[in-house]
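According to the numbering used here, the sequence shown is numbered sequentially starting from -7.
Just so it is clear, CB atoms sit at the ideal spot from N, CA and C, and this is done for glycine as well.
Notes to accompany the following structure.
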Amino acid sequence: MIKVGIVGGTGYTGVELLRLLAQHPQVKLMAITSRKETGMPVAEMYPSLRGRVDLAFTDPASAPLAECDLVFFATPHGVAMAQAPELLAAGVKIIDLAADFRLKDTAEFERWYKMPHSCPHILAEAVYGLPEVNRDAIRKARVIGLPGCYPTSVQLGWLPVLDPKAVAAAGGDLVERTTLIADCKSGVSGAGRKAEVHTLLAEASDNFKAYGVTGHRHAPEIAQGLGAIAGKPVSLQFTPHLVPMIRGIHATLYARLTPAGARVDFQKLYEERFAGEPFVDVMPAGSTPETRSVRASNMVRIAVHRPAGSDLLIVLVVEDNLVKGASGQGVQVMNLMFGLPEDMGLTQLPVLP
Ligand SMILES: NC(=O)C1=CN([C@@H]2O[C@H](COP(=O)(O)OP(=O)(O)OC[C@H]3O[C@@H](n4cnc5c(N)ncnc54)[C@H](OP(=O)(O)O)[C@@H]3O)[C@@H](O)[C@H]2O)C=CC1
Ligand SMILES: CC(=O)N[C@@H](CCC(=O)OP(=O)(O)O)C(=O)O
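Written out as C-alpha cells, the structure reads:
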C-alpha cells in the first residue's frame, strides 16, 4: 500500500483527491491537513466521504507527513516549495498541484507568482506531470509539478500537430507556431473554494466573461510546455473565460495551417497520436464535445475540425478541471511513480446529465 498525505484537504482539489484516493485499492490515507479545520472529522465537513474516510483534519505542522511515501500539496502557490526539502530528505515523494515546480525559469516564476523561488535545485529535478508527454520521466521522479488546469487542455489539444515526428513526416511545420490562439472557458470551481466576489452566485451565475486577456500565469506555462513538445519556440494568445458552471473546461484552439499542414489528415493524425492513451478520447470527425461528457472523470475528449474554405485548424478539447485538470491527473501520475497500472482508481464514468 502507498502511504499518502494530503496538505490542503479542505479545498476543491483536496476533496477531489479524497474522493479518488478513498476508492483507490493501493492507497492508505495517513494525514489530511487543514489549518482552519484542525480536529474536524473529514466526513463531517464532506458527508460525501462518510464511511470511506475516517480521519480528521490535522494541522500541517503536526501531521505525520514524513511517514508517508507520497504527499500531495493541494495548496496555494508557495506552500510546497517551503516543505519540499525536508520531505525529500525524509524519502517522501511530492506531487504539487500548485505552480511551484512548473515553470523552469525562476525569473518567469517570480514574475507571475510574485514570490522568490526558495529551492531552484529541487525545481531543476522536478518533472512536469503531463503523462502523455513525460511518462517515462514521471516514473522515475521524486518531485512533480502538476500542470495547471487550462495548460492540460491546451497542451493535449496541440500535442499531435507540434510533435516533431508529425512535422518530419509532413516535411515542415503543420501550423504557424507563432500565431496560435487558445480560447478557453472554465467553471468556477477552477478558482478554488476560497471566498472571492467573482465566484459568488450573484456574480458568476447567468453571466459569461473573459479575464486575464492581457496576461495570465498559464500563458508562460503553456508556451514552455508546447516549446518542449515542438523542440522549438511556440507562442500563443491564451484567453480564459469564466462560465456559469461548477466543473469543466472547454478549450477552442485555433491554428493557421502551413502549406505542408494543409495536406495532412488531422483526424488520422490525432487518432494515431493518442491511440493507447487511457485518458484521451479522439472523437469522430465533426464532433462537438461537451464538458458534461467528462464531468467527474479523468477523460479528455478532443475533436478536430477543418472549416471549409479556410486555412484554419480548430481543435476542441473538454476536461474536468478538478479531475484531469488537477486531482485525477495527480492520481494518474502517482500510479506511474509507484509502478501501478496507470488507470488504477480512475475508471469512473462521467456523470451525465
Ligand atoms: N481548482 C482547480 O480547478 C485547480 C487548482 N489547482 C491548484 O491546486 C491548488 C489547490 O487549489 P484549490 O483546491 O482550488 O484551492 P482551495 O483554495 O480550494 O484550497 C486550498 C487548500 O490549501 C489549504 N491551505 C491554504 N494555505 C495554506 C498554507 N499556507 N499551508 C497549508 N495549507 C494551506 C487550505 O486549508 P487551510 O487554509 O484550512 O489550511 C485549503 O485546504 C492551488 O494551487 C490551485 O492553483 C490546479 C489545477 C486546477
Ligand atoms: C476559473 C479560474 O479562476 N481558474 C483559475 C485557474 C486554476 C488553475 O488550475 O490554476 P493554477 O493551478 O495555476 O492556480 C485561474 O484562472 O486563476
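How far does the beta strand (DSSP E) with residue i in it extend, from its first residue to its last?
{"i": "Met329", "result": "Counting along the chain, Met329 falls outside any beta strand (DSSP E), though it belongs to the alpha helix (DSSP H) covering Gly320 to Met329."}
{"i": "Pro232", "result": "Leu228 to Leu234"}
{"i": "Ser145", "result": "No beta strand (DSSP E) contains Ser145, which is instead part of the alpha helix (DSSP H) from Cys141 to Leu154."}
{"i": "Gly20", "result": "What sits at residue 20 in the sequence shown is Lys, not Gly. Its beta strand (DSSP E) spans residues Val19 to Thr25."}
{"i": "Gly350", "result": "With the chain represented from -7 up to 345, any question about residue 350 goes unanswered, as that position is not in the structure."}
{"i": "Gly(-3)", "result": "Ile(-6) to Val(-1)"}
{"i": "Leu193", "result": "Here Leu193 belongs to no beta strand (DSSP E); instead the alpha helix (DSSP H) covers Leu193 to Ala196."}
{"i": "Val272", "result": "Val272 to Val274"}
{"i": "Asp88", "result": "Lys85 to Asp88"}
Throw me the rounded Cβ distance for the residue i and residue j pair, which I believe falls under 8 Å.
{"i": "Glu263", "j": "Pro123", "result": "At roughly 19 Å, the Cβ-Cβ gap does not stay under 8 Å, so Glu263 and Pro123 are not in contact."}
{"i": "Ser319", "j": "Glu8", "result": "4 Å"}
{"i": "Val(-1)", "j": "Phe65", "result": "5 Å"}
{"i": "Ile241", "j": "Lys177", "result": "7 Å"}
{"i": "Gly1", "j": "Ser26", "result": "6 Å"}
{"i": "Ala174", "j": "Ile214", "result": "7 Å"}
{"i": "Thr244", "j": "Ile306", "result": "7 Å"}
{"i": "Ser145", "j": "Glu311", "result": "5 Å"}
{"i": "Leu369", "j": "Lys96", "result": "This structure cannot speak to residue 369, because the chain is shown only from -7 to 345."}
Can you determine whether any heavy atom of ligand 2 sits closer than 6 Å to the C-beta of residue i, and answer yes or no?
{"i": "Ser227", "result": "no"}
{"i": "Leu289", "result": "Note that residue 289 corresponds to Ser in the displayed sequence, not to Leu. Incorrect: Ser289 has no Cβ contact closer than 6 Å to ligand 2."}
{"i": "Ala91", "result": "yes"}
{"i": "Gly140", "result": "yes"}
{"i": "Ala183", "result": "yes"}
{"i": "Ser178", "result": "yes"}
Between residue i and ligand 1, is the CB less than 6 Å from at least one heavy atom?
{"i": "Tyr246", "result": "no"}
{"i": "Ala66", "result": "yes"}
{"i": "Val71", "result": "yes"}
{"i": "Tyr38", "result": "no"}
{"i": "Ser26", "result": "yes"}
{"i": "Asn313", "result": "yes"}
{"i": "Lys186", "result": "yes"}
{"i": "Thr2", "result": "yes"}
{"i": "Gly6", "result": "yes"}
{"i": "Ala74", "result": "no"}
{"i": "Ala243", "result": "no"}
{"i": "Pro52", "result": "yes"}
{"i": "Gly317", "result": "yes"}
Following the continuous alpha helix (DSSP H) through residue i, name the residue where it begins and the one where it ends.
{"i": "Ala252", "result": "Pro251 to Ala254"}
{"i": "Tyr4", "result": "Tyr4 to Leu13"}
{"i": "Phe266", "result": "Phe258 to Phe266"}
{"i": "Phe65", "result": "Not the alpha helix (DSSP H): Phe65 falls in the beta strand (DSSP E), residues Leu62 to Phe65."}
{"i": "Val189", "result": "Val189 -> no alpha helix (DSSP H), and no H or E assigned at all."}
{"i": "Asp128", "result": "Pro123 to Lys132"}
{"i": "Leu115", "result": "Pro112 to Glu117"}
{"i": "Met32", "result": "Per DSSP, Met32 belongs to no alpha helix (DSSP H) and is neither H nor E."}
{"i": "Pro77", "result": "Val71 to Ala81"}
Among all the DSSP beta bridges, which residues are the ones paired with residue i?
{"i": "His297", "result": "Ile306"}
{"i": "Ser181", "result": "Partner(s): none; Ser181 has no beta bridge."}
{"i": "His242", "result": "Lys177 and Val310"}
{"i": "Lys201", "result": "Leu234"}
{"i": "Ala99", "result": "Bridge partners of Ala99: none, in fact."}
{"i": "Arg248", "result": "Leu304"}
{"i": "Ala220", "result": "Looking at the DSSP assignment, Ala220 forms no beta bridge with any residue, so it has no partner."}
{"i": "Thr50", "result": "Thr25"}
{"i": "Val292", "result": "Val272"}
{"i": "Leu172", "result": "Leu228"}
{"i": "Val167", "result": "Leu249"}
Using a Cβ-Cβ distance under 7 Å, would residue i count as near chain D?
{"i": "Gly121", "result": "Note that chain D does not occur in the displayed structure, where there is just one protein chain."}
For the stretch 329 to 344 against the stretch 284 to 303, do three or more pairs of beta-carbon atoms, one drawn from each stretch, fall closer than 8 Å, so that the two count as touching? yes
At a cut of 8 Å, does the stretch 31 to 47 reach the stretch 60 to 78 through at least three beta carbon pairs? no
Does the stretch 230 to 238 touch the stretch 80 to 87, meaning 3 or more C-beta pairs lie closer than 8 Å? no
Inter-stretch contact (C-beta, 8 Å, three-pair minimum) for the stretch 309 to 328 and the stretch 251 to 258: no
With a threshold of 8 Å, are at least 3 pairs of Cβ atoms found where one atom belongs to the stretch 108 to 127 and the other to the stretch 69 to 81? yes
Could you tell me whether the stretch 265 to 280 touches the stretch 198 to 211, using the rule of 3 or more Cβ pairs below 8 Å? no
Is there contact between the stretch 257 to 273 and the stretch 184 to 191, where contact requires at least three CB pairs shorter than 8 Å? no
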